[in-house]
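As numbered in the UniProt record's numbering, residues 1 to 316 make up the sequence shown, in order.
Glycine included, each C-beta is placed from N, C-alpha and C at the ideal position.
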Amino acid sequence: MKLLVTGGAGYIGSHVIRAAQAAGHSTVAIDNLSTGVSNRINCPLIELDLASPGAQGELISLMKSENFDAVIHLAARKQVGESVQQPEGYFLDNLGGLGNLLLAMRATNLKSLVFSSSAATYGMPDVESVSEDESPKPINPYGQTKLIGEWMVKNAQVWGLKGVNLRYFNVAGTATKELNDTAALNLIPIAIRALKNSEAPKVFGADYETPDGSCIRDYVHVADLAEAHIRAVAYLDQEQRPFDTFNVGTGNGASVFEVLQALRKASGENFAWDVQGRRAGDPPRLVANVTRIEQTLGFTTKFGLEEIVQSAWDAS
1 MKLLVTGGAG
11 YIGSHVIRAA
21 QAAGHSTVAI
31 DNLSTGVSNR
41 INCPLIELDL
51 ASPGAQGELI
61 SLMKSENFDA
71 VIHLAARKQV
81 GESVQQPEGY
91 FLDNLGGLGN
101 LLLAMRATNL
111 KSLVFSSSAA
121 TYGMPDVESV
131 SEDESPKPIN
141 PYGQTKLIGE
151 WMVKNAQVWG
161 LKGVNLRYFN
171 VAGTATKELN
181 DTAALNLIPI
191 AIRALKNSEA
201 PKVFGADYET
211 PDGSCIRDYV
221 HVADLAEAHI
231 RAVAYLDQEQ
241 RPFDTFNVGT
251 GNGASVFEVL
261 QALRKASGEN
271 FAWDVQGRRA
281 GDPPRLVANV
291 TRIEQTLGFT
301 TKFGLEEIVQ
311 SAWDAS
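Take a look at the structure:
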């Protein structure tokens, strides 16, 4: 199939393009290069801000000329803290960009879309593992834009869109050094950057009601996440299939201290860490229930926490 990947030069997008090409698909990427890196990918790249005034027309022209089979929409701003400080920008970019994309798809009769969503849609669920049936209650503008985006995709069924929402949990690791996450916005790359700067990684809160007192998250290797997108594209290609939402995680939780212990092993350094107070809005536990994606898409992850951390360290 021929796939359009928005945000294709980003950390996740470049892994998705790599997986798509390995599966025999041809790809074209769109990216505004605000955080993306053009030399991460080996395919045509159109530099475009999807939320810009002329984006819809450019998308329509591109879709007419390229005759895509499906779209994987990853392009979005994704910093939770920044979204709290700049909510208007997040709603404009994340939802305006998706709106332009959907309008262009409707105008060109392009009817298959995989949407990049997030576990941030759940907010702070008080459950051992969160299923897709859990009522979403996002607690920050970033999570709100992802939930509204899911609604936009679902409502586009009225004109025949076949859509899938993928709710990512904590994405980390890398397939190659060239595709490594350069943004350092999440625990593993932040901790690695601290070590490289001879600083102690920070731990925000060690008094949660968890076995070791630190927050628990579901860490999924970015190469596994990329493969989930390829499974979703194949799912969309089926004649009769319902609209659906899938968690993408491992189904296993790891605490902050367990991640740092894995980093000790990967780095060979017996470093100390700096325990600080809790951050507002951090749920004690956020782990995916992965039954639906396993049963419907036949998707299971291949990489565990130690492999995720080792790959990130080796690429740093």
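Can you confirm whether residue i, when its beta carbon is compared against all beta carbons of chain C, has any partner nearer than 9 Å?
i, result
"GLY281", "Any reference to chain C falls outside this structure, which holds one protein chain only."
If you draw a straight line from the C-alpha of residue i to the C-alpha of residue j, how long is it?
i, j, result
"ALA234", "ASN197", "43 Å"
"ALA16", "PRO284", "The residue you asked about is not Ala; residue 16 is Val in the sequence shown. So the alpha carbons of these two residues sit roughly 30 Å apart."
"LEU95", "ALA76", "9 Å"
"LYS162", "TYR11", "26 Å"
"VAL259", "ARG193", "14 Å"
"GLY304", "GLY54", "43 Å"
"ILE60", "VAL164", "22 Å"
"SER311", "THR35", "21 Å"
"GLN238", "SER112", "10 Å"
"residue 318", "SER118", "An answer regarding residue 318 cannot be provided, because it is not within the stretch 1 to 316 covered by the chain."
"ASP133", "ASN247", "10 Å"
"GLN56", "ASN32", "14 Å"
"ALA206", "LEU187", "15 Å"
"CYS215", "ILE72", "31 Å"
"LYS154", "ASP93", "19 Å"
"ASP314", "THR291", "32 Å"
"ARG279", "THR250", "25 Å"
"ASP224", "ALA20", "12 Å"
"TRP159", "LEU166", "21 Å"
With H, G and I counted as helix, E and B as strand and the rest as coil, what does DSSP make of residue i?
i, result
"SER34", "coil"
"TYR11", "helix"
"LYS78", "coil"
"ALA23", "coil"
"GLN240", "coil"
"ALA51", "coil"
"ASN247", "strand"
"ILE46", "strand"
"residue 382", "With the chain running from 1 to 316 in the structure shown, residue 382 is simply not present."
"SER118", "strand"
"SER61", "helix"
"THR300", "coil"
Give me, in chain order, the residues of the same chain whose beta-carbon lies closer than 6 Å to that of residue i; leave out the 5 immediate sequence neighbours on both sides.
i, result
"PRO141", "SER83, PRO87, TYR90"
"SER26", "LYS2"
"TYR273", "Per the sequence shown, the amino acid found at residue 273 is Trp instead of Tyr. Cβ within range, chain order: ALA200, PRO201, VAL203, LEU260."
"LEU102", "ALA156"
"TYR168", "SER118, VAL248"
So who's on the other strand from residue i, going by DSSP bridges?
i, result
"ASN197", "DSSP, once it has assigned bridges, lists no residue as partnering ASN197."
"ALA172", "HIS221"
"VAL28", "LEU4"
"GLN276", "PHE204"
"LEU286", "ARG217"
"residue 317", "Since the first and last residues shown for the chain are 1 and 316, residue 317 lies out of range."
"LEU185", "DSSP lists no partner for LEU185."
"ALA254", "ARG217"
"VAL130", "ALA288"
Near residue i, what residues of its chain come up, given a Cβ to Cβ distance below 7 Å and the 5 sequence neighbours on each side ignored?
i, result
"residue 317", "Because the chain in this structure spans residues 1 to 316, residue 317 falls outside the shown range and cannot be described."
"ALA104", "GLN56, LEU59, ILE60, MET63"
"ALA191", "PRO201, LEU260, LEU263"
Taking 8 Å as the cut-off, is the C-beta of residue i nearer than that to any heavy atom in the ligand PLP?
i, result
"LEU50", "Questions concerning the ligand PLP fall outside what the structure shown contains, since it holds no ligand whatsoever."
Would you check if there are 3 or more beta carbon pairs closer than 8 Å linking the stretch 216-229 to the stretch 173-192? yes
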